[in-house]
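Peer 1:
Residue numbers (this note's numbering): 222 to 481.
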């Protein structure tokens, strides 16, 4: 068994990689990258475009390359650009790990034995989110349930055999953010549970001494008996919010002290 070095050279690929101070669905990538650097690892990020229109930058130890900047070719392909840049950097200083947040690292992953690397994909690299979106549109009527079931089966077969199977085949591990994603990945995608890693992420809540919890409870109309569920959203995916509200409605009937 190969010995894992104490300091890893990690390559992260993501079509969207927000720099610090910019909100995004992938806003968790920056603090993770910084923390890896703080722990002594080397982190290189391959992404598409920069809001500042620069080709590369290095912030707080994280090296970021923007592969789309300066390219005028309409047939430009991000996956191809990732592989080309990866090979260039790998020759200078071999990588140990490829972490692909989306499917952009698949061309490199298919040659992982040749490069001598371990490959990790986020569950976002698969099309699982489309399946959850279909389930969220179910209106709990007989016709809707049947229609949802047919659409779900069609979408699953098409995405699994079209894209997802290839990604999972060449991945040494998959990061998920919820128990449901883990369950679906193991049960319906036939991916080994031992290679699934749950990494929950969301808003970063830092305790502050100057926050008066009693005042917050009073302002929100809460008491010490209330259990609270907090969710954050940009309100772009309304179907997701409908699912949360419908689920909360059923629970709060039995648990009147619950708050959302």
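We put the beta carbon where it would ideally sit given N, CA and C, even for glycine.
Remember, it's a predicted structure, so these values are computed and weren't measured experimentally.
Determine the burial state of residue 180: buried for a count of at least 16 other Cβ atoms within 10 Å of its Cβ, exposed for fewer.
Peer 2: Given a span of 222 to 481 for the chain in the structure shown, any question on residue 180 remains unanswerable.
Peer 1: Exposed or buried, what is residue 391 when buried is set at 16 or more other beta-carbons lying within 10 Å of its beta-carbon?
Peer 2: Taking the chain shown and counting its residues from 1, the one referred to as residue 391 is at position 170. Buried: at least 16 other Cβ atoms inside 10 Å.
Peer 1: Whole angstroms are fine: how far does the CA of residue 288 sit from the CA of residue 334?
Peer 2: Taking the chain shown and counting its residues from 1, one reaches residue 334 at position 113. Taking the chain shown and counting its residues from 1, one reaches residue 288 at position 67. Approximately 25 Å between the Cα atoms of the pair.
Peer 1: Using the Cα positions of residue 278 and residue 436, report the straight-line distance between them to the nearest angstrom.
Peer 2: In the chain shown, counting from the first residue as 1, residue 278 sits at position 57. In the chain shown, counting from the first residue as 1, residue 436 sits at position 215. Those two C-alpha atoms are separated by around 43 Å.
Peer 1: Using 9 Å as the threshold, is the C-beta distance between residue 238 and residue 344 below it?
Peer 2: On the chain shown, position 17 is the one that residue 238 refers to. On the chain shown, position 123 is the one that residue 344 refers to. Taking 9 Å as the Cβ cut-off, residue 238 and residue 344 do not qualify as a contacting pair.
Peer 1: Just to confirm my understanding: we take residue 247, look at its own chain, exclude 5 residues before and 5 after, and list those with CB closer than 7 Å. What are they?
Peer 2: For the purposes of this step, residue 247 is taken as residue 26 along the chain shown, with counting starting at 1. For residue 247, the predicted model reports a pLDDT of 49, less than 50, meaning its position is unreliable; a value from the coordinates is still stated below. For residue 247, where only same-chain residues beyond five positions count, the Cβ hits under 7 Å are 235, 237, 238, 239, 322.
Peer 1: Would you list the residues sitting across from residue 445 in a DSSP beta bridge?
Peer 2: By 1-based counting over the chain shown, the position of residue 445 is 224. Bridge partners of residue 445: none, in fact.
Peer 1: Please state whether DSSP places residue 288 in a helix, a strand or coil.
Peer 2: In the chain shown, the residue the question calls residue 288 occupies position 67. Three-state result, residue 288: coil.
Peer 1: Just to confirm the assignment, what range does the alpha helix (DSSP H) spanning residue 469 have?
Peer 2: What you label residue 469 is simply residue 248 of the chain shown in a count that begins at 1. Per DSSP, residue 469 belongs to the alpha helix (DSSP H) from 459 to 475.
Peer 1: Please go through the stretch 380 to 440 and give each complete beta strand (DSSP E) segment of 3 or more residues, from N-terminal end onward.
Peer 2: Here the runs fully enclosed are 394 to 397, 417 to 419.
Peer 1: Write down every uninterrupted run of the alpha helix (DSSP H) in the stretch 309 to 384 whose length is 4 residues or greater and which is fully enclosed by it, in chain order.
Peer 2: As far as the stretch 309 to 384 is concerned, its whole alpha helix (DSSP H) runs of at least 4 residues are 327 to 330, 333 to 336, 349 to 357, 363 to 380.
Peer 1: Determine the burial state of residue 326: buried for a count of at least 16 other Cβ atoms within 10 Å of its Cβ, exposed for fewer.
Peer 2: Translated into positions along the chain shown, residue 326 becomes position 105. Residue 326 should be labelled buried.
Peer 1: Kindly identify the DSSP beta-bridge partner or partners of residue 283.
Peer 2: Counted from its first residue, the chain shown places residue 283 at position 62. Residue 283 pairs with 264, 280.
Peer 1: Rounded to a whole number of angstroms, what is the C-alpha to C-alpha distance between residue 324 and residue 467?
Peer 2: Here residue 324 refers to the residue found at position 103 of the chain shown. Here residue 467 refers to the residue found at position 246 of the chain shown. Between residue 324 and residue 467, the C-alpha separation is close to 32 Å.
Peer 1: Let me check one thing: in DSSP terms, what residues is residue 480 bridge-paired to?
Peer 2: One-based indexing of the chain shown puts residue 480 at position 259. Its beta-bridge partners are 449.
Peer 1: Have a look at 265, 298, 465 and flag the residue whose alpha-carbon is nearest the alpha-carbon of residue 286.
Peer 2: Within the chain shown, residue 286 is the residue found at index 65, counting from 1. Ranking 265, 298, 465 by Cα distance to residue 286 puts 265 first.
Peer 1: Output yes or no for whether 9 Å exceeds the beta carbon distance between residue 330 and residue 319.
Peer 2: As a working note, residue 330 is residue 109 in the chain shown. As a working note, residue 319 is residue 98 in the chain shown. Yes, the pair counts as a contact, with Cβ atoms nearer than the cut-off.
Peer 1: What residues in its chain sit with their C-beta under 7 Å from that of residue 348, if we drop five residues either side in the sequence?
Peer 2: On the chain shown, position 127 is the one that residue 348 refers to. Closer than 7 Å at the Cβ level, and outside the excluded window around residue 348, lie 380, 384, 385.
Peer 1: Could you give the distance in angstroms between the alpha-carbon of residue 304 and the alpha-carbon of residue 332?
Peer 2: In the chain shown, counting from the first residue as 1, residue 304 sits at position 83. In the chain shown, counting from the first residue as 1, residue 332 sits at position 111. Rounded to the nearest angstrom, the two C-alpha atoms are 10 Å apart.
Peer 1: Looking only at its chain, what residues have a beta carbon closer than 6 Å to the beta carbon of residue 186, apart from the 5 residues adjacent to it on each side?
Peer 2: No answer is possible for residue 186: the residues shown for the chain start at 222 and end at 481.
Peer 1: Short of 7 Å in beta carbon distance, which residues of its chain neighbour residue 417, apart from the five on each side in sequence? Order them along the chain.
Peer 2: Looking up residue 417 in the chain shown gives position 196. Cβ within range, chain order: 395, 397, 403, 406, 407.
Peer 1: Do residue 421 and residue 445 come within 9 Å of each other at the CB atom, strictly closer than that value?
Peer 2: Along the chain shown, one-based indexing puts residue 445 at 224. Along the chain shown, one-based indexing puts residue 421 at 200. No, they are not a contact pair.
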